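Structure first, commentary second.
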Amino acid sequence: MDQVNQHGLARIRSNYSRLSEKEKKIADYILQHPKTIIHHTINQIADELEVADSTVFRFCQRVGFKGYQALKIALAAEMATPVTDIHEKIQAGDDVGTVSEKVFRSNMNTLEDTFKVIDQKALHEAVAALIVAEKVEFFGIGGSAIVSIDAYHKFLRSGMQVHANLDAHMQLMAASQLRAKDVAVIISHSGSTKDIMDILHVLRDKNVTIIAITNFAKSTLSKQADILLYTVSDETEFRPEALSSRIAELTLIDALYTNVMLAKGESAQQALQDMRKAIALKRL
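Each residue of the sequence shown is one higher than the one before, counting from -11 in the working numbering.
Structure follows, in structure tokens:
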């Protein structure tokens, strides 16, 4: 993905919880003074924050850029087309209306930030892989398992051979039965839980194409998946980052499903009509 087109502020917020104390100091400064960074050298920033030049350089790499110059270019592009940060942290004294508004705006912000970091090439590759797959299996542990079931619920309407399990052991068993012509969609915010690593190991041995929907940060899953679709979300006192990201994961699934249905044309529409006819039997 072109680094110039990836927004720096969204990257920093996404990786914030994984930064060291010195790196968080740099992150805080950039988030508060993004325009200042554009006109400062790495030496000036290091002197201002009383850290080593190498610390600033490592920070840039930790948030996904090749170096300080790449971060500056991304911030410059972002400042040229500014986006108002509508996310506000929920306070203990907020009333119901205020809390509700902040939750809605936080979700809107998550979707906006995720849309900014979408790799269009990866999105096209994911759709293409799903269209030709003999079978598609969705994987997710904990909260991500709910998203995997939602994905199964949607793609079942396409006429494709799709499946998902809530139980981690069943997921591992299902992974062992996939073949090279199949596709596995792994949904994992952290991309580094033990269960997901076990599933990933089995899938790699089977040469299964792996599509990962994960947080915009370096993880074992992001390093080993064939196709990467990232989400970006903020963490607050009352809303963990993983919980906030679920809305972005669900939306990415929606985008994949809609594209696949459009590409499959009449066959997908017939499958959808057959399902609607069957479901109609349940209505009074």
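Just so you know, even glycine gets a beta-carbon here, dropped at the ideal spot from N, CA and C.
These figures come from a predicted structure and were not determined experimentally.
Can you check which of these residues, the options, is closest to residue i by C-alpha distance?
i, options, result
"Asp170", "Asn203, Met148, Lys77, Thr98", "Met148"
"Ile49", "Glu89, His177, Glu11, Arg145", "Checking the sequence shown, residue 49 turns out to be Gln, not Ile. Among Glu89, His177, Glu11, Arg145, the Cα nearest to that of Gln49 belongs to Glu11."
"Ser94", "Lys265, Ser233, Arg264", "Ser233"
"Met283", "Lys54, Ala213, Asn3", "Given a span of -11 to 272 for the chain in the structure shown, any question on residue 283 remains unanswerable."
"Val51", "His(-5), Asn31, Met263", "His(-5)"
"Ser178", "Ala(-2), Leu(-3), Arg6", "Arg6"
"Met249", "Leu191, Ala116, His28", "Ala116"
"Ala274", "Leu160, Met161, Leu191, Phe47", "Any answer about residue 274 is impossible in this case: the structure gives the chain only from -11 up to 272."
"Gly131", "Leu260, Asp82, Ile235, Ala80", "Ile235"
"Arg264", "Ser146, Leu160, Thr181, Met161", "Ser146"
"Leu59", "His27, Ala80, Thr181, Asp101", "His27"
"Leu260", "Ser180, His141, Gln159, Leu231", "His141"
"Asp101", "His112, Lys77, Glu66, Ile78", "Glu66"
"Lys133", "Met96, Thr181, Gln108, His112", "First, the amino acid is wrong: residue 133 is Ala here, not Lys. Measuring from the Cα of Ala133, the nearest candidate turns out to be Thr181."
If the criterion is Cβ atoms closer than 8 Å, does the pair residue i and residue j meet it?
i, j, result
"Ile198", "Ala110", "no"
"Glu237", "Thr208", "no"
"Ile106", "Ser136", "no"
"Glu122", "Ala152", "no"
"Lys211", "Leu166", "no"
"Tyr245", "Phe143", "yes"
"Val44", "Ile0", "no"
"Leu154", "Ile201", "no"
"Met30", "Asp16", "The amino acid at residue 30 is misidentified as Met; the sequence shows Ile. The answer is no: Cβ separation not under 8 Å."
"Thr98", "Ser255", "no"
"Ile25", "Leu(-3)", "no"
"Leu272", "Ala114", "no"
My guess is that residue i and residue j are in contact by the Cβ rule of under 8 Å, so how many angstroms apart are they, rounded?
i, j, result
"Ala156", "Asp138", "18 Å between Cβ atoms; not a contact."
"Ala163", "Ile129", "Ala163 to Ile129, Cβ: 12 Å. No contact."
"Phe127", "Ala172", "6 Å"
"Ile119", "Ala251", "5 Å"
"Ser8", "Asn203", "In fact, because the Cβ distance is near 18 Å, the residues do not count as touching under 8 Å."
Comparing the C-beta of residue i with each C-beta of chain C, is any distance below 8 Å?
i, result
"Thr208", "The structure shown contains no chain C, having only a single protein chain."
Evaluate contact between the region 78 to 94 and the region 18 to 27, counting only Cβ atoms and requiring at least three cross-stretch pairs below 8 Å.
no
Which runs of the alpha helix (DSSP H) spanning at least 4 residues fall entirely within the region 166 to 207, listed in chain order?
182 to 193
Unbroken beta strand (DSSP E) runs of length 3 or more, entirely within the region 103 to 167: which are they?
124 to 128, 150 to 152
Could you pull out every unbroken alpha helix (DSSP H) segment of at least 4 residues lying fully inside the region 42 to 104, listed in chain order?
56 to 68, 84 to 104
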